[in-house]
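The opening residue of the sequence shown carries number 1 in our numbering; numbering runs sequentially from there.
Heads up, the beta-carbon is just placed ideally off N, CA and C, and yes, glycines get one too.
Here the structure is a predicted model, which is why all the values come from computation and not from measurement.
Heads up, the thing below is written out as structure tokens.
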Amino acid sequence: MPKTGSAPSDYTTSAAVLDTAGATPMMAQYIEIKAANTDCLLFYRMGDFYELFFEDAEIASRALGIVLTKRGKHGGADIPMCGVPVERSDDYLSRLIALGHRVAVCAQTEDPAEAKKRGPKSVVRREVVRLVTPGTITEDRLLDPARANVLLAIGRNKGGAAKSESAKDQAAYTYGLAALDISTGRFAVSEVPASELASAIARHEPREIVLSETIHADPALARLWREIPAPVTPLAQAELEPAGAERRIKAQFGVSTLEGFGQFGRAELAAAGAALLYIERTQIGARPTLSPPTREACGATLAIDASTRANLELTRTLSGERRGSLLDAIDRTVSASGARLLAEHLAGPLTDLAAIRRRHAAVAWLCEQGVSRKTFREILARAPDLARALSRLGLGRGGPRDLAALRDGLDAAKGLAAHLAALDGLPDDLAALGTGLSQVDAGLVAHLAAALADDLPLKRADGGFVREGYSPEIDEARVLGQDSRKVIAALQARYAEETGCRTLRIKHNNMLGYYIEVPQAVGEGCLKGAMRETFIHRQTMVDAMRFTSVELGDLEGRISGASDRALRLETAVFDALSGETLAQAAAIASVAEALAALDVSASHADLAVERDWRRPVVDDGYGFSVTGGRHPVVEAALRLSGEPFIANDCDLSGEGRGRIRLITGPNMGGKSTFLRQNALIAVLAQIGAFVPAASAQLGLVDRLFSRVGAADDLARGQSTFMVEMVETAAILNQATRRSLVILDEIGRGTATFDGLSIAWACLEHLHEKNACRALFATHFHELTALGQRLSHLDNATLKVAEHRGTVVFLHEVVPGVADRSYGLQVARLAGLPPGVIARAGAILKNLEKSERERPTRPRIDDLPLFAALSPPPLEEAPPECEDGLRRVLDDIDPDALTPREALEALYRLKAARDL
Numbered sequence: 001m002p003k004t005g006s007a008p009s010d011y012t013t014s015a016a017v018l019d020t021a022g023a024t025p026m027m028a029q030y031i032e033i034k035a036a037n038t039d040c041l042l043f044y045r046m047g048d049f050y051e052l053f054f055e056d057a058e059i060a061s062r063a064l065g066i067v068l069t070k071r072g073k074h075g076g077a078d079i080p081m082c083g084v085p086v087e088r089s090d091d092y093l094s095r096l097i098a099l100g101h102r103v104a105v106c107a108q109t110e111d112p113a114e115a116k117k118r119g120p121k122s123v124v125r126r127e128v129v130r131l132v133t134p135g136t137i138t139e140d141r142l143l144d145p146a147r148a149n150v151l152l153a154i155g156r157n158k159g160g161a162a163k164s165e166s167a168k169d170q171a172a173y174t175y176g177l178a179a180l181d182i183s184t185g186r187f188a189v190s191e192v193p194a195s196e197l198a199s200a201i202a203r204h205e206p207r208e209i210v211l212s213e214t215i216h217a218d219p220a221l222a223r224l225w226r227e228i229p230a231p232v233t234p235l236a237q238a239e240l241e242p243a244g245a246e247r248r249i250k251a252q253f254g255v256s257t258l259e260g261f262g263q264f265g266r267a268e269l270a271a272a273g274a275a276l277l278y279i280e281r282t283q284i285g286a287r288p289t290l291s292p293p294t295r296e297a298c299g300a301t302l303a304i305d306a307s308t309r310a311n312l313e314l315t316r317t318l319s320g321e322r323r324g325s326l327l328d329a330i331d332r333t334v335s336a337s338g339a340r341l342l343a344e345h346l347a348g349p350l351t352d353l354a355a356i357r358r359r360h361a362a363v364a365w366l367c368e369q370g371v372s373r374k375t376f377r378e379i380l381a382r383a384p385d386l387a388r389a390l391s392r393l394g395l396g397r398g399g400p401r402d403l404a405a406l407r408d409g410l411d412a413a414k415g416l417a418a419h420l421a422a423l424d425g426l427p428d429d430l431a432a433l434g435t436g437l438s439q440v441d442a443g444l445v446a447h448l449a450a451a452l453a454d455d456l457p458l459k460r461a462d463g464g465f466v467r468e469g470y471s472p473e474i475d476e477a478r479v480l481g482q483d484s485r486k487v488i489a490a491l492q493a494r495y496a497e498e499t500g501c502r503t504l505r506i507k508h509n510n511m512l513g514y515y516i517e518v519p520q521a522v523g524e525g526c527l528k529g530a531m532r533e534t535f536i537h538r539q540t541m542v543d544a545m546r547f548t549s550v551e552l553g554d555l556e557g558r559i560s561g562a563s564d565r566a567l568r569l570e571t572a573v574f575d576a577l578s579g580e581t582l583a584q585a586a587a588i589a590s591v592a593e594a595l596a597a598l599d600v601s602a603s604h605a606d607l608a609v610e611r612d613w614r615r616p617v618v619d620d621g622y623g624f625s626v627t628g629g630r631h632p633v634v635e636a637a638l639r640l641s642g643e644p645f646i647a648n649d650c651d652l653s654g655e656g657r658g659r660i661r662l663i664t665g666p667n668m669g670g671k672s673t674f675l676r677q678n679a680l681i682a683v684l685a686q687i688g689a690f691v692p693a694a695s696a697q698l699g700l701v702d703r704l705f706s707r708v709g710a711a712d713d714l715a716r717g718q719s720t721f722m723v724e725m726v727e728t729a730a731i732l733n734q735a736t737r738r739s740l741v742i743l744d745e746i747g748r749g750t751a752t753f754d755g756l757s758i759a760w761a762c763l764e765h766l767h768e769k770n771a772c773r774a775l776f777a778t779h780f781h782e783l784t785a786l787g788q789r790l791s792h793l794d795n796a797t798l799k800v801a802e803h804r805g806t807v808v809f810l811h812e813v814v815p816g817v818a819d820r821s822y823g824l825q826v827a828r829l830a831g832l833p834p835g836v837i838a839r840a841g842a843i844l845k846n847l848e849k850s851e852r853e854r855p856t857r858p859r860i861d862d863l864p865l866f867a868a869l870s871p872p873p874l875e876e877a878p879p880e881c882e883d884g885l886r887r888v889l890d891d892i893d894p895d896a897l898t899p900r901e902a903l904e905a906l907y908r909l910k911a912a913r914d915l
């Protein structure tokens, strides 16, 4: 299925063009509802199943691996059909949502008895009660507890004097982003220039994107929408006018002005309005509990583009798995909300120096207070997911267990607040968290504890969730129901004795209600004599007969009435508790945020103590000095096998600018690991964590760039080298003096001289134009001579030891230059056939001998420094050649020649050439 949900043709469902003429009443109803929801698969409720018809059925059967059958005919053709049980629908929904489908849930909104009053062929009324899309799910069974479920809306505003809609004009646009997680209520808006749109989208890692048809149709953005893994849903431009956006925000939060939320740009308002419009449309009247929109200032987080995120494997590995990523290596959180917040921090490291230092101070205090840290983590581990439980209650989808989650979570927060209040010398962040946790209303917690039973059902319709003793009326109704069931057992025994039938049973089904069932022979006797006064015939089976009695009918009424009354009373209690809880939604949301933040800080501290990570010093300079740095993911993997990680130093500090370290060394020597570990140390430092190093002093990084590894992009028609050049171009065009750049093997995807020239020019540009901190790994050993000419470039290499033809990688970075790359040794380790290795060695010797005898490589000393940074000189005209051929040509006037003269001129030219 296409990712974009812009047109009905995405599902190509035949129901969208079917006529209801000739259809059965039920199928006519289905076609009408489907026609209004052409961009969704329609789950049509029929009894205990959700059924799908026509092409929806074909799509769902393939996606879910369920049987495709048929039901009746329409227009002379069979109607394809498949279905899923209502009780297991969440499982099937999760699979469809994971594949990018949208589902319209159509439920019965009328009692079948009411439908029958309109006529024997009347169809029960059905309506779409909800649209389920990847960005709007709230059920626990459909959500990843440790991952935010972000719906990202995008708007834009055009400034300046630009007029066209071309790609050249993109710089004139400002884009607004509204990141909304309906499952937790989080709502944030931001504004970015066009050049940073892709990076901003990658930071949010949305499950679904909504935007206007105009933005979606912009040719300059077509590639971006194709490359984004999340489904993209366009909305009609007419529905997204600025006045409507502001009106929706005011209505959602019940305010008459937005001034209390801060100043929002037009693009931000457009994005927020689009998000709320989509929520209104998908939730069909239900209004989620959302936090007021918070504005994220431009540049408030470390800018990391999508390519760098993938290369560094921050939250997912290149294969898309969480296991093996940096997030997986550092996550010691004990709550779902803490895990989500940690992932959010990792996706957007801070650039606010004061905020970074506050986070470091909180982690340092928790490292020192081992007993308190352990207590906090034990309490946090028992705290349920407050934010998601609150959201479900707000949407009317909550159950008794959500109320219990709020009860237990708020009680945990109360305990943490008391513990924090008893401690002295708290750093600012922890003191603020203590204040947030203290907002718990003890009365609400006590009320929930008194009202809710210990063993709770999933759904409120199941009943039995109100604690015994909380409501005398509910207790009375329950007792009546339970006693009546005992009376039924006694009645069955009496009837069995009266009839002399030991197999007489009183049973129940949805059609007959309670009935008396006896074998056929006994039943015949019940129709005669005195028995007729007691037993009233209801149904004759093949080998049994069914009866009722006046006494049994009265008893059934009492049981049914008592159970229904008890459920009505319990539902009223649930609604009252939900209302009381939602009245404090803002305070509960603050408590949930405080719990998550405390969990993240405690996680960092626990990891730092366990792994001996140290507090980094982050300042506003241009330094980058790491002593004994280690790669957090590789080190964790080595620890499992009992192997040590070789720590290395890295210094890229410079006066008013950064330094470049050019790294040469063998394949498999550890160059890529060294590059990545220093980038990850910068990320960890700016999320407020400690770092895997003996010490680290880092100047604030504003942008992080990584070009590591090789991969092609066949879908975009780009070779490995083209992908490499595109990513390198982005780095050279965007890196600033505060940026950190890691580059690996630039230029290796093309011919030797081409690649060397490109790598050379890139180094010069980084040194002279970007003036940033950079690590540059290469196998072009010729580049090492630049260390003598570029004042802010140092050479380093990876140490190697050789023993009897075998190479041993020491993984130690030292000053100096590698003399070779040890490619043959690595090839031998990889298992290439011995014959290939031997032949390659012979070829290598010949090539090296030829190189020594008549070198063809350019000498770096012979080339002008930074020539590429100035306009290249015009090529001089070649010296005039005074040969005879040129003189003959100069004497010819082509326009004045007759055919005979032209032939003679050709002979003269031929003669002149032969001279």
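Among the options, nearest to residue i - alpha-carbon criterion
i    : options                   : result
I79  : P85, V86, E87 and K70     : K70
E205 : R615, L277, C298 and R316 : R316
V67  : I59, K73 and H74          : I59
L786 : E768, R118 and A521       : E768
T351 : L704, D564 and E764       : L704
P400 : A453, L410 and A272       : A453
Q969 : G425, A421 and R659       : In the structure as shown, the chain begins at 1 and stops at 915. Residue 969 is therefore absent and cannot be evaluated.
L662 : F776, S484, A605 and A842 : F776
Close-in-space but distant-in-sequence residues of the same chain around residue i (CB under 7 Å, 5 per side omitted)
i    : result
T571 : R460
S870 : Only weak support exists for where S870 lies, its pLDDT of 49 falling under 50; the value from the coordinates is given anyway. Hits under 7 Å: none found.
V573 : A451, V466 and S471
L276 : R248, I249 and Q252
C82  : L52, A57, A60, S61, I66, V67, L68 and T69
N667 : S821, Y822, G823 and V826
S291 : G185, R186, F187 and A589
Cβ pair residue i, residue j closer than 7 Å
i    : j    : result
D744 : S672 : yes
P303 : S199 : Sequence inspection shows Ala at residue 303; the Pro mentioned does not correspond to that position. Contact: yes.
L936 : L430 : No information on residue 936 is available, as it lies outside the stretch 1 to 915 that the chain covers here.
V84  : C106 : no
L456 : A562 : no
Q697 : G623 : yes
G135 : R207 : yes
H604 : A689 : yes
A274 : E191 : no
Own chain, CB closer than 8 Å to residue i, minus 5 neighbours either side, in chain order
i    : result
L491 : I506, E551, L552 and L555
I97  : V103, V132, T133, P134, I137 and L142
T257 : K250
Q29  : V123 and R126
6 Å CB neighbourhood of residue i in its chain, flanking five on each side removed
i    : result
P644 : none
S89  : Y50
Segment contact flag, the segment 814-823 with the segment 788-806, C-beta cutoff 8 Å, min 3 pairs: These segments touch.
Uninterrupted alpha helix (DSSP H) stretches inside the segment 266-318 (no shorter than 4 residues): Qualifying alpha helix (DSSP H) stretches, in chain order: 266-283 and 306-312.
Segment contact flag, the segment 379-392 with the segment 180-197, C-beta cutoff 8 Å, min 3 pairs: With three or more CB-CB distances shorter than 8 Å, the segment 379-392 counts as touching the segment 180-197.
Inside the segment 624-659 only - beta strand (DSSP E) runs reaching at least 3 residues: Taken in chain order, the unbroken stretches of beta strand (DSSP E) that lie wholly in the segment 624-659 and span 3 residues or more are 624-629 and 648-651.
The segment 669-685 in contact with the segment 363-371 per 3-pair CB rule at 8 Å: Counting Cβ pairs under 8 Å, fewer than three are found: no touch.
In chain order, each alpha helix (DSSP H) run of at least 4 residues that lies wholly inside the segment 53-120: The DSSP assignment places 54-64, 89-98 and 112-117 as complete runs of the alpha helix (DSSP H) inside the segment 53-120, in order along the chain (cut-off: 4 residues).
Validate contact between the segment 633-653 and the segment 295-312 using beta carbons, cut 8 Å, 3 pairs: Taking one beta carbon from each stretch, the segment 633-653 and the segment 295-312 have fewer than 3 pairs nearer than 8 Å; the two do not touch.
The segment 426-445 touching the segment 603-622, judged by at least three CB pairs closer than 8 Å: The segment 426-445 and the segment 603-622 do not touch, with fewer than 3 CB-CB distances between them shorter than 8 Å.
Inter-stretch contact (C-beta, 8 Å, three-pair minimum) for the segment 750-766 and the segment 627-634: No, the segment 750-766 is not in contact with the segment 627-634.
Given 8 Å, three or more beta-carbon pairs between the segment 373-390 and the segment 355-364: Three or more Cβ pairs closer than 8 Å define a contact, and the segment 373-390 falls short of that threshold against the segment 355-364.
Validate contact between the segment 591-602 and the segment 330-350 using beta carbons, cut 8 Å, 3 pairs: At 8 Å Cβ cutoff, the stretches touch.
Every unbroken alpha helix (DSSP H) within the segment 304-386, with a cutoff of 4 residues, ordered by chain: Fully enclosed alpha helix (DSSP H) runs of 4 or longer: 306-312, 326-330, 336-347, 353-368 and 370-381.
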